[in-house]
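Residue numbers (this note's numbering): 8 to 331. No residue lacks a Cβ here, since even glycine has one placed at the ideal position from N, Cα and C. Working notes for the structure below.
Here's what the structure looks like:
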């Protein structure tokens with residue numbers, strides 16, 4: 008392919024060329040050697056705005072756009088924390104925010120967002136129509152990524168063999184099939200924050216992009232965080248998370264043991280693990296800001312923590328598990 012030759016010589020692709028390349032790589036005609044070469048070159052030389060938009064166009068095949076929110080991370084931070092994005096999604100939904108949570112099983116941590124929901128017995132919708140129905144009737148739905156990103160299976164062997172994050176790790180959080188209008192996106196790679204923000208701006212969804220100084224792909228209670236707010240413009244701020252939540256014991260929010268993660272997450276959602284409750288409230292806060300319940304993350308944190316301690320998220324979780 009001529010575009011691939013140009014690509015190897017260092018020439019950036021247009022949005023259309025990137026679209027064509029991704030569609031080819033996601034097809035049965037493409038070899039694993041070809042996929043590995045492209046993913047490796049992108050990892051070394053980086054990716055442009057037009058290229059990520061072309062890849063996004065190629066993989067985001069659903070036309071539905073929902074007035075809903077999502078909170079999702081790239082993974083790959085190796086922090087083994089509690090399932091904070093999923094817990095925060097449930098807390099936000101119990102607060103009255105329509106949430107379409109997109110997630111997968113763990114790739115690098117000990118317990119991923121889908122692992123958490125599976126352990127609870129949640130039944131994942133398998134079609135966009137079913138997912139939309141759950142969102143409309145319950146105000147919450149968890150979309151299991153492999154049910155909707157079937158093209159990603161074409162890359163499974165190559166990604167495993169390469170052993171490093173690829174552009175697909177970046178794309179994953181953008182590909183929620185319900186295309187929520189508001190999204191909190193966490194990245195373990197701080198250098199990708201600006202590209203996420205520009206992609207959100209060009210794609211037309213409001214977003215808060217987060218990365219913590221300790222490497223977490225969420226707002227860490229243990230370090231400061233960089234925040235990018237996207238809504239017609241991009242605004243930057245730095246959050247002193249430890250100054251907001253106070254002293255947190257790392258052992259109360261992380262563990263290499265999947266069973267312990269499940270226990271800590273559930274205890275945090277009901278206020279029995281207060282360090283974990285603060286962690287969840289801290290990451291629920293951006294969803295409250297995006298939906299107009301507060302102007303600042305600090306203000307939203309107080310609202311979210313009070314809500315966690317009220318017991319309403321626990322009752323809401325019991326309801327969605329009963330009805331799923």
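Rounded straight-line distance, which links the Cα of residue j to that of residue i
{"i": "residue 212", "j": "residue 322", "result": "30 Å"}
{"i": "residue 259", "j": "residue 271", "result": "7 Å"}
{"i": "residue 275", "j": "residue 284", "result": "4 Å"}
{"i": "residue 242", "j": "residue 236", "result": "5 Å"}
{"i": "residue 110", "j": "residue 319", "result": "23 Å"}
{"i": "residue 25", "j": "residue 181", "result": "16 Å"}
{"i": "residue 328", "j": "residue 264", "result": "24 Å"}
{"i": "residue 209", "j": "residue 57", "result": "10 Å"}
{"i": "residue 80", "j": "residue 104", "result": "19 Å"}
{"i": "residue 239", "j": "residue 71", "result": "21 Å"}
{"i": "residue 43", "j": "residue 244", "result": "37 Å"}
{"i": "residue 16", "j": "residue 269", "result": "48 Å"}
{"i": "residue 278", "j": "residue 102", "result": "16 Å"}
{"i": "residue 135", "j": "residue 27", "result": "25 Å"}
{"i": "residue 170", "j": "residue 187", "result": "30 Å"}
{"i": "residue 64", "j": "residue 253", "result": "42 Å"}
{"i": "residue 107", "j": "residue 326", "result": "16 Å"}
{"i": "residue 126", "j": "residue 273", "result": "11 Å"}
{"i": "residue 280", "j": "residue 266", "result": "15 Å"}
{"i": "residue 30", "j": "residue 18", "result": "19 Å"}
Check whether residue i and residue j have beta carbons under 7 Å apart
{"i": "residue 153", "j": "residue 83", "result": "no"}
{"i": "residue 310", "j": "residue 191", "result": "no"}
{"i": "residue 317", "j": "residue 129", "result": "no"}
{"i": "residue 291", "j": "residue 21", "result": "no"}
{"i": "residue 138", "j": "residue 156", "result": "no"}
{"i": "residue 308", "j": "residue 324", "result": "no"}
{"i": "residue 300", "j": "residue 91", "result": "no"}
{"i": "residue 218", "j": "residue 197", "result": "yes"}
Contacts around residue i, its chain only, beta-carbon distance under 6 Å, and the 5 residues preceding and following it disregarded
{"i": "residue 93", "result": "120 and 123"}
{"i": "residue 223", "result": "84 and 86"}
{"i": "residue 146", "result": "100 and 105"}
{"i": "residue 88", "result": "260 and 261"}
{"i": "residue 67", "result": "182"}
Coarse secondary structure for residue i, derived from DSSP in three states
{"i": "residue 214", "result": "strand"}
{"i": "residue 228", "result": "coil"}
{"i": "residue 245", "result": "strand"}
{"i": "residue 254", "result": "coil"}
{"i": "residue 137", "result": "helix"}
{"i": "residue 181", "result": "helix"}
{"i": "residue 80", "result": "strand"}
{"i": "residue 61", "result": "helix"}
{"i": "residue 155", "result": "coil"}
{"i": "residue 45", "result": "helix"}
{"i": "residue 301", "result": "coil"}
{"i": "residue 38", "result": "coil"}
{"i": "residue 17", "result": "coil"}
{"i": "residue 123", "result": "helix"}
{"i": "residue 189", "result": "strand"}
{"i": "residue 128", "result": "coil"}
{"i": "residue 171", "result": "coil"}
Beta-carbon proximity list for residue i, same chain, < 7 Å, skipping 5 on both sides
{"i": "residue 282", "result": "255, 256, 259 and 260"}
{"i": "residue 174", "result": "46, 49, 54 and 62"}
{"i": "residue 203", "result": "192, 194 and 216"}
{"i": "residue 246", "result": "226, 231, 232, 234 and 304"}
{"i": "residue 165", "result": "39, 42, 43 and 46"}
{"i": "residue 298", "result": "76, 104 and 189"}
Residue i Cβ short of 6 Å to the ligand GDP heavy atom set
{"i": "residue 317", "result": "The model on display carries no ligand, and the ligand GDP is accordingly not part of it."}
Cβ-based neighbour list, residue i, same chain, cut-off 8 Å, excluding 5 preceding and 5 following
{"i": "residue 207", "result": "190, 192, 213, 214, 216 and 237"}
{"i": "residue 59", "result": "25, 174, 177, 178, 202 and 206"}
{"i": "residue 141", "result": "132, 147, 148 and 331"}
{"i": "residue 98", "result": "276, 287, 288, 291, 311, 314, 315 and 320"}
(message) Under 8 Å, with one C-beta from each stretch per pair, do the segment 62-77 and the segment 34-46 reach the 3-pair mark?
(response) Not touching, per the Cβ criterion.
(request) Would you be able to state if there are at least three C-beta pairs under 8 Å between the segment 153-162 and the segment 47-56? (result) Verdict: no, contact absent.
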